[in-house]
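Below is one structure, written out as structure tokens; comments come after it.
There are 2 protein chains.
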Amino acid sequence: MLFTSNDIAALDSRYRAALVNSLSGFKPANLVGTANHSGASNLAIISSVVHLGSHPPLLALIIRPSPVERHTLENILDTGCYTINHVSDQIIEAAHQTAARYPREQSEFAATGLGEYWIDGFAAPFVAEATIRMGMELREHKQLEINGTHFLIGEIVLAEVPGHCLGDDGAVDICAAGTVALSGLDSYYGTRRLRRMAYAKPDLPPTAIS
Amino acid sequence: MLFTSNDIAALDSRYRAALVNSLSGFKPANLVGTANHSGASNLAIISSVVHLGSHPPLLALIIRPSPVERHTLENILDTGCYTINHVSDQIIEAAHQTAARYPREQSEFAATGLGEYWIDGFAAPFVAEATIRMGMELREHKQLEINGTHFLIGEIVLAEVPGHCLGDDGAVDICAAGTVALSGLDSYYGTRRLRRMAYAKPDLPPTAIS
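One line per chain: the protein sequences are B and D, in this order.
Okay, so the first sequence: first residue is 6 according to this note's numbering, each after it adds one.
Okay, so the second sequence: first residue is 6 according to this note's numbering, each after it adds one.
Right, dumping it as structure tokens:
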């Protein structure tokens, strides 16, 4: 099935959103935890976290100018910090439910039953049930003119991973940690490792190392 | 295992790259096809494609200022167009091999055995073996001051998906298309759907629809 620009523009908006959200491939499933200056917490599922660099350790994320994610954006801009927590198979339902349009005064932690986990000196809540979680400090914020989305760059200042998932070479077995992947707007996937590939070199054929 | 900023900064650079690349969660595995003005083709695996919006249909990607990805960047800036092709389980080895530092005059298509598929009037090659592929037109390019990476925004002007993977509501079953996910620098994963969730509303409990 081939869609041109004109075909895509002519689609029903829900159909178009489901289609276009499927086209980038599998997406990471993360919960972004924030708090306002009074410490009132907020939690939102975000599928747009992307690696920007390792030294310094930077992750970017895209926030749509939507009512739900706006509370998250406001808190990040107010406090300069946030947490990123992997969604694991144990918490798919609660994680997805954070996308509901709760009123500002209601915390998605309380509404979904996920636990707040605070680390002394860090002004945003982590998700108690998450197996992999990071404390982030905002480094840069741009609003993209092309469609009004917000592009936030943050530095990882804290990272917690289960010891049994951490390889000798630094690679984390996020499948063993229960981390799931997202596709489209609403589909959650478990994974199994097919291949780990050796570093690619022009004069060597591709080689699986495990 | 808890890492602070200081811990991360003190790590061996390869260990740090493996660790930090694992922390964003599962990543999409895509091949980006380009050509220069003479039609010489180039292909690079990119794990940073991210959905930016559906109307207009926009995807962004991050390109590191590395030798391999630079050919891709130069071609995109020269011609204003590129293709994004999902990596499926059938082509993991060839896709990974495109990350090798081939000299500029050697096409990664020829080097890895992947086929070029050209659509009349579109100046970048698609991957013949890919089941889901898109033709992109560059809309915006920013070089990020924080670490020199390039942020490219493109509009989907062509999208091809297998008919049997396209749902009545527009969602694409990318697992059925064979699309794989990436973790870290080099690990490829197959997926299985755990849950598709209904649209989240504050006054309804989370509900799986399939």
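By construction, the Cβ of each residue, glycine as well, lies at the ideal position given by its N, Cα and C atoms.
Gly85(D) and His42(B) have their C-alpha atoms roughly 44 Å apart.
Per the Cβ contact rule, the region 172 to 191 of chain D is in contact with the region 179 to 190 of chain B (3 or more Cβ pairs under 8 Å).
Ala65(B) is the residue among Val25(B), Tyr194(B), Ala65(B) and Pro33(B) whose C-alpha sits nearest the C-alpha of Glu160(B). Residue range Leu7 to Thr9 is occupied by the beta strand (DSSP E) that includes Phe8(B). Contacts between Asn47(D) and chain B, judged by CB atoms closer than 8 Å, are missing: the closest CB pair is about 14 Å apart.
Counting every other CB atom within 10 Å of its CB across the protein chains shown gives Met6(D) a total below 16, marking it as exposed. For His91(B), the uninterrupted beta strand (DSSP E) segment begins and ends at Cys86 to His91. In this structure, DSSP gives Leu149(B) a state outside helix and strand, which the three-state scheme calls coil. Taking 8 Å as the cut-off, the Cβ atoms of Tyr194(B) and Arg198(D) count as close. For Ala22(B), the chain D residues whose Cβ falls inside 9 Å of its Cβ are Ser59, His60 and Gly175, in order along the chain. By the criterion of a C-beta distance shorter than 6 Å, Thr212(B) is surrounded in its chain by Ala203, once the five residues flanking it on both sides are discounted. Three or more beta-carbon pairs separated by less than 8 Å are not found between the region 140 to 154 of chain B and the region 105 to 116 of chain B, which leaves the two stretches without contact. Using beta-carbon distances, Glu134(B) does not count as an interface residue toward chain D, since no partner is under 8 Å. Within a 10 Å sphere around the beta-carbon of Ile214(B) sit fewer than 16 other beta-carbons, which makes this residue exposed.
Taking a Cβ-Cβ cut-off of 7 Å, Ala129(D) has no neighbours in chain B, whose nearest Cβ is about 16 Å from it. Taking the Cα of Asn47(B) as reference, the smallest distance to any Cα among Ala15(B), Val54(B), Leu36(B) and His56(B) is reached at Leu36(B). Residues of the region 102 to 113 of chain B that bring their beta carbon within less than 7 Å of a beta carbon in chain D comprise Gln102, Ala104, Ala105, Arg106 and Tyr107, in sequence order.
Residue contact check for Ala186(D) against chain B: a CB pair falls below 8 Å.
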